[in-house]
Amino acid sequence: MPTLLQQPLRLLIDGQWVGCASGASMDVINPSTGEVLAQEALGGAAEIDQAVQAARRALEAGPWARMRPAERTRLLLKLADALEQHGDELALLETLNTGKPLKVARMFDVGHAAECLRYNAGWATKLNGETRAVSLPGDWHAYTLREPVGVVGLIVPWNVPLAMAVSKIAPALAAGCTVVLKPAELTPLTALRLGELMVAVGFPPGVVNIVTGLGTEAGQALVAHPGVDKVSFTGSTAVGKAILASAAGNLKRVALELGGKSPVFIFPDADLDRAIDAAARGIFSNTGQVCAAGSRLFVHRSVAERVVEGVAQRARQLRVAPGLVADAEIGPVISARQRERVMAYVASGRAEGAEVVAGGEALDGAGYFIQPTVLVNTTPAMRVVREEIFGPVLCVQQFDDDSLEQLAARGNDTDFGLSSSIWTRDLRTAHQMVRRLKAGNVRVNAAAALDFAMPFGGYKQSGWGRENGREGVEAYTELKSVAIDLN
Ligand code: NAD
Numbered sequence: 000m001p002t003l004l005q006q007p008l009r010l011l012i013d014g015q016w017v018g019c020a021s022g023a024s025m026d027v028i029n030p031s032t033g034e035v036l037a038q039e040a041l042g043g044a045a046e047i048d049q050a051v052q053a054a055r056r057a058l059e060a061g062p063w064a065r066m067r068p069a070e071r072t073r074l075l076l077k078l079a080d081a082l083e084q085h086g087d088e089l090a091l092l093e094t095l096n097t098g099k100p101l102k103v104a105r106m107f108d109v110g111h112a113a114e115c116l117r118y119n120a121g122w123a124t125k126l127n128g129e130t131r132a133v134s135l136p137g138d139w140h141a142y143t144l145r146e147p148v149g150v151v152g153l154i155v156p157w158n159v160p161l162a163m164a165v166s167k168i169a170p171a172l173a174a175g176c177t178v179v180l181k182p183a184e185l186t187p188l189t190a191l192r193l194g195e196l197m198v199a200v201g202f203p204p205g206v207v208n209i210v211t212g213l214g215t216e217a218g219q220a221l222v223a224h225p226g227v228d229k230v231s232f233t234g235s236t237a238v239g240k241a242i243l244a245s246a247a248g249n250l251k252r253v254a255l256e257l258g259g260k261s262p263v264f265i266f267p268d269a270d271l272d273r274a275i276d277a278a279a280r281g282i283f284s285n286t287g288q289v290c291a292a293g294s295r296l297f298v299h300r301s302v303a304e305r306v307v308e309g310v311a312q313r314a315r316q317l318r319v320a321p322g323l324v325a326d327a328e329i330g331p332v333i334s335a336r337q338r339e340r341v342m343a344y345v346a347s348g349r350a351e352g353a354e355v356v357a358g359g360e361a362l363d364g365a366g367y368f369i370q371p372t373v374l375v376n377t378t379p380a381m382r383v384v385r386e387e388i389f390g391p392v393l394c395v396q397q398f399d400d401d402s403l404e405q406l407a408a409r410g411n412d413t414d415f416g417l418s419s420s421i422w423t424r425d426l427r428t429a430h431q432m433v434r435r436l437k438a439g440n441v442r443v444n445a446a447a448a449l450d451f452a453m454p455f456g457g458y459k460q461s462g463w464g465r466e467n468g469r470e471g472v473e474a475y476t477e478l479k480s481v482a483i484d485l486n
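Letter by letter, the sequence shown follows residues 0 to 486 in numbering that gives the first Met the number 0.
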């Protein structure tokens with residue numbers, strides 16, 4: 000049993016592990032079994048205030064302000080090594096808390112977090128302004144400076160807790176900011192272990208503060224706090240909109256990574272075996288709890304039977320089991336409430352005329368398991384097609400003699416615009432679709448190939464701003480224009 004679970008869970012404020020003043024707590028549940036893993040401290044406005052003040056001190060007076068960028072690089076690289084050294088333990092905590100297969104947690108969640116730290120570590124020494132030629136009379140020396148945006152509030156969801164926390168902490172610290180992290184209340188474990196490792200590798204007090212608690216209390220207090228310069232949020236579109244309103248008080252900067260309802264297009268000339276495999280993985284991985292999941296499949300009528308049967312067969316064959324079972328491929332959804340939500344969507348799809356060709360049922364037992372599900376005969380007006388389900392449910396529609404214009408319009412017929420995939424061997428089809436799709440990420444003949452060099456984010460109601468790449472780290476800076484009159 001990881002040592003984290005053998006002690007009361009605490010908050011990390013100013014380098015100290017502390018309880019919360021109210022003494023409030025909630026159960027942390029293992030979704031594979033419904034068992035209680037730990038008691039989480041529920042921080043509130045008081046703890047958020049202490050954490051923000053500690054982050055401010057570290058930013059302005061503390062060692063962080065005086066540290067060379069190369070020192071920030073070194074610390075981030077040390078943390079990446081520490082994550083790998085403790086990879087088995089972190090993966091076990093992630094599997095216990097989310098139900099995901101252990102090997103996925105080890106390879107993807109922990110591996111991804113370590114790589115994210117290494118990618119961003121390099122940016123600490125490469126954030127430059129530039130000189131500008133200005134068309135003013137006389138002699139001028141004009142240039143831009145990139146400065147840390149300040150104290151940043153980071154709020155993350157429960158689907159990939161460790162990787163999501165690191166994907167915000169790494170660029171924020173590389174840019175020279177200090178942070179207050181509010182993990183999702185359902186999944187605090189790996190964030191807390193990450194905090195322990197950050198203290199151990201030598202991040203100074205106050206640079207990273209972690210306040211666990213409810214979204215409506217700790218989360219809201221963080222977003223509304225006047226001492227916070229920026230909030231970076233990943234989560235649902237509904238909460239993203241609420242955050243915009245709460246952040247208005249001091250007009251803090253807001254970055255939003257929100258939901259999706261991403262289309263996958265399979266053309267008749269595609270490599271169908273690869274396309275089928277990727278379509279299945281694209282919706283069933285992480286039990287469909289992925290913002291960029293390909294949840295709407297558009298398949299050409301001439302290959303629809305083969306593609307639908309191929310994806311349905313994979314859905315039936317996937318081993319749905321607790322993450323600690325050696326050959327588990329799909330774990331439970333995160334909570335009983337999430338299982339109810341997903342099953343209500345499946346019922347509404349059925350009621351509106353969709354046909355279930357694979358799955359469609361919740362599994363009996365203590366954990367929150369759902370069969371990977373494929374719905375055909377879905378239409379654009381159905382709730383299952385319009386709303387983000389965030390579960391292992393694929394909605395299939397066919398196309399026939401649609402022009403690329405019409406087909407892209409069908410794909411774009413959604414409030415979201417996070418991701419999309421195109422499967423074809425025809426360059427013209429691929430490029431024309433790429434240009435027409437209103438999505439922040441487009442993949443051609445590729446499954447979800449996320450690289451930290453590539454900006455990630457959404458059009459429309461899938462969010463504001465981009466994570467990863469130069470844009471992702473620059474999002475944690477302010478740009479200052481300096482003009483010096485040399486006359
Ligand atoms: P959620 O919006 O309910 O919660 C996300 C986080 O926000 C949690 O930490 C929660 O405590 C906090 N929160 C809730 N209410 C708040 C409030 N009023 N003020 C401040 N914080 C508050 O989302 P979820 O159910 O945890 O996660 C699923 C959603 O996240 C899905 O919609 C999914 O698409 C989205 N998501 C998006 C991305 C992306 O990169 N675009 C990645 C993963 C998940």
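Beta carbons: idealized from backbone N, C-alpha and C, even for Gly.
Note that the coordinates shown come from a computational prediction; the quantities given were computed from them, not determined experimentally.
- When DSSP states are grouped into helix, strand and coil, Glu354 belongs to the strand group.
- Separation of Lys459 and Asp484 (C-alpha to C-alpha, rounded to the nearest whole angstrom) is 43 Å.
- At a threshold of 7 Å, Phe389 counts as near the ligand NAD, since its beta carbon sits closer than that to one of the ligand's heavy atoms.
- At a threshold of 7 Å, Glu46 does not count as near the ligand NAD, since its beta carbon sits no closer than that to any of the ligand's heavy atoms.
- With respect to the C-alpha of Gln49, the residue from Met66, Val17, Phe455 having the closest C-alpha is Val17.
- In this structure Lys479 is exposed. Its beta-carbon is surrounded by fewer than 16 other beta-carbon atoms within 10 angstroms.
- Per DSSP, reduced to three states, the secondary structure at Thr211 is coil, with no helix or strand assignment.
- Taking C-beta atoms as the reference points, Pro160 and Pro182 count as a pair closer than 8 Å.
- According to the DSSP assignment, Phe283 belongs to the alpha helix (DSSP H) that extends over 271-283.
- Only buried fits Asp108, as 16 or more other CB atoms lie within 10 angstroms of its CB.
- In its chain, beyond the 5 residues on either side, Trp63, Thr177, Pro203, Pro204, Gly205, Val206 have a beta carbon closer than 7 Å to the beta carbon of Ala57.
- Counting along the chain, Glu34 sits inside the beta strand (DSSP E) bounded by residues 34-40.
- Taking a cut-off of 8 Å for Cβ pairs, the stretch 77-96 and the stretch 189-200 touch, as three or more such pairs fall below it.
- Looking at the DSSP output, Lys479 shares a beta bridge with Leu144.
- Taking a C-beta distance under 8 Å as the contact criterion, Cys115 and Phe455 do not qualify as a contact pair.
- Annotation for Gln460 indicates a beta carbon at 7 Å or more from all heavy atoms of the ligand NAD.
- One Cα belongs to Arg305, the other to Gly330, and the distance between them is close to 27 Å.
- The Cβ neighbour count for Leu135, taken over all protein chains shown within 10 Å, is under 16; the residue is labelled exposed.
- Ala183 has its Cβ nearer than 7 Å to a heavy atom of the ligand NAD.
- DSSP places His111 within a helical segment (H, G or I) once states are collapsed to three.
- Boundaries of the alpha helix (DSSP H) around Asp80: 68-84.
- Put simply, the backbone Cα of Glu473 is about 8 Å away from that of Pro170.
- Taking C-beta atoms under 8 Å as the contact rule, Ser261 and Ser294 qualify, at a distance of about 6 Å.
- For Gly152, the secondary structure class from DSSP, reduced to helix, strand or coil, is strand.
- Annotation: Gly234 to Pro156 spans about 5 Å, alpha carbon to alpha carbon.
- The straight-line gap separating the alpha-carbon atoms of Gln370 and Gly358 is approximately 5 Å.
- Between the alpha carbons of Pro225 and Ser284 lies a distance of about 39 Å.
- A buried status is given to Lys167, since no fewer than 16 other beta-carbon atoms sit within 10 Å of its beta-carbon.
- Close CB contacts of Ala274 within its chain, under the 6 Å cut and outside five residues either way in sequence, are with Ile265, Trp422 (chain order).
- Under the criterion of beta carbons closer than 8 Å, Ile282 and Ala269 do not qualify as touching, at roughly 17 Å.
- Membership of Glu59 in the alpha helix (DSSP H) is indicated by the continuous run 44-59.
- Note on His140: under 16 other CB atoms within 10 angstroms of its CB, so exposed under the neighbour-count rule.
- Residue Leu417 holds the alpha-carbon nearest to the alpha-carbon of Gly464 among Leu417, Gly121, Asp13.
- With a cutoff of 8 Å on beta-carbon distance, Gly462 and Ser31 are scored as not near each other.
- DSSP places His299 in the strand class (E or B) of the three-state scheme.
- Residue side-chain check: Gly214 places its Cβ nearer than 7 Å to a non-hydrogen atom of the ligand NAD.
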